[in-house]
Every structure is written in C-alpha cells, then in structure tokens.
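Under the numbering used here, the first residue of the sequence shown carries the number 1, and numbering increases by one thereafter. No residue lacks a Cβ here, since even glycine has one placed at the ideal position from N, Cα and C.
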Amino acid sequence: EIYIMKADGSGQRRLTNVPGYDGGPFFTHDGSRIVWRRFDEAGLIANVWTMKPDGSDAKQLTDFGSMSWAPYEHPSGEYFIFSSNKLGFENFELFLVDAQGIKEPVRVTYSDGFDGLPVPSPDGKRLAWTSSRSGGGAGQIFLADWNHEKAREALRNAPPRKPSRKS
Numbered sequence: 001e002i003y004i005m006k007a008d009g010s011g012q013r014r015l016t017n018v019p020g021y022d023g024g025p026f027f028t029h030d031g032s033r034i035v036w037r038r039f040d041e042a043g044l045i046a047n048v049w050t051m052k053p054d055g056s057d058a059k060q061l062t063d064f065g066s067m068s069w070a071p072y073e074h075p076s077g078e079y080f081i082f083s084s085n086k087l088g089f090e091n092f093e094l095f096l097v098d099a100q101g102i103k104e105p106v107r108v109t110y111s112d113g114f115d116g117l118p119v120p121s122p123d124g125k126r127l128a129w130t131s132s133r134s135g136g137g138a139g140q141i142f143l144a145d146w147n148h149e150k151a152r153e154a155l156r157n158a159p160p161r162k163p164s165r166k167s
C-alpha cells in the first residue's frame, strides 16, 4: 500500500487500500498527483495509476494485461514514460501514456530484451534508461536525445483508450 507522511515522520496516512501490491510512487513535478504501479492480487499484472496526494481521484492509466511499471513523468507534465512487457514476457519496451489516461499508450523503443526504468532530464530534452539491447544479458544505462514534440504528436495521434477490463 502507499502511505504519505510529513518529513519528520508524523502525520502518517494510508492512501491506498486494495488487494495486491501498490508501490514505486513518485510525485509529479508540480506535486499535484502521485504516479505508481498497482499489481493484481496474483502479482502477474501491473498497471500505472495516478491519484491526488490525499488519495482521492485515483485513475488507471494503463490496462495491457501485462506488467506496466516504473512510470516517470516528463517535465512538461503532459505524459508519463513507463516500461511494459505487453509484447512478450521477457521483452520490456518503453511506452508513453498521456497524464489523463484518455489515449492508448504509445510504444517508444523497439529492441529485444529489456528497456526500462526511464527518467527524463530536468529540461525534458534527454532520456536515460536501462537496456540489455547490447547483448550478453547485461543491463547498461543509455542516454539519448528526447523529441518532446514528436512524443506529443504520437500521443495526439493515438486512438482513445479502451475501457478497462475491470470496468
């Protein structure tokens, strides 16, 4: 579950209370929302969610029926970058999802193996992530230029998100 508290450890409050595991929370850059991953009870499926810091207005942003995790907000606040194995158990790729979750996520990387743990630079012009694309099974950190306008265009052109299977 996800809790929030003051820096001195006081004022602890539970924000989530559902079966399964909620973890990996981050505040958005403006502090208005928390983004995290929520696992199903069996621990086989994870989705990206957001909520307000008081625990209200929880929104599911992904629903691939696979692992979607390690979400990180782009500094623009318009979208999150995350990793998912939607395309196969051992093939994690990076995806974008709009901050409101109204569009289908858009695939960003195209490589065999693992691409995950994406973090944009503070100015949003670069992206660092871990990848095993070099072979040998070893993960390495990659750093590349990030085209924010192209990402925005891809999300604008994405189809509307399908209703959640749990709706």
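Leaving aside the five residues that flank residue 3 on each side, the residues in its chain whose CB is nearer than 7 Å to its CB run, in chain order, 12, 13, 14, 15.
Collapsing the DSSP output to three states places residue 150 in a helix. From the listed residues 120, 149, 106, 38, the smallest Cα separation to residue 143 is found for 120. Straight-line spacing of the CA atoms in residue 103 and residue 160 works out to 4 Å.
Scanning the region 53-123 for uninterrupted beta strand (DSSP E) segments of 3 residues or longer gives 68-73, 79-84, 93-98, 115-120, listed from N- to C-terminal end. For residue 163, DSSP records no beta bridge to any residue.
Counting along the chain, residue 141 sits inside the beta strand (DSSP E) bounded by residues 140-145.
When rounded, the separation of the alpha-carbon atoms in residue 80 and residue 115 is 15 Å. Distance from the CA of residue 155 to the CA of residue 134, rounded to the nearest whole angstrom, comes to 28 Å.
The continuous stretches of beta strand (DSSP E) do not include residue 32, and DSSP gives it neither H nor E.
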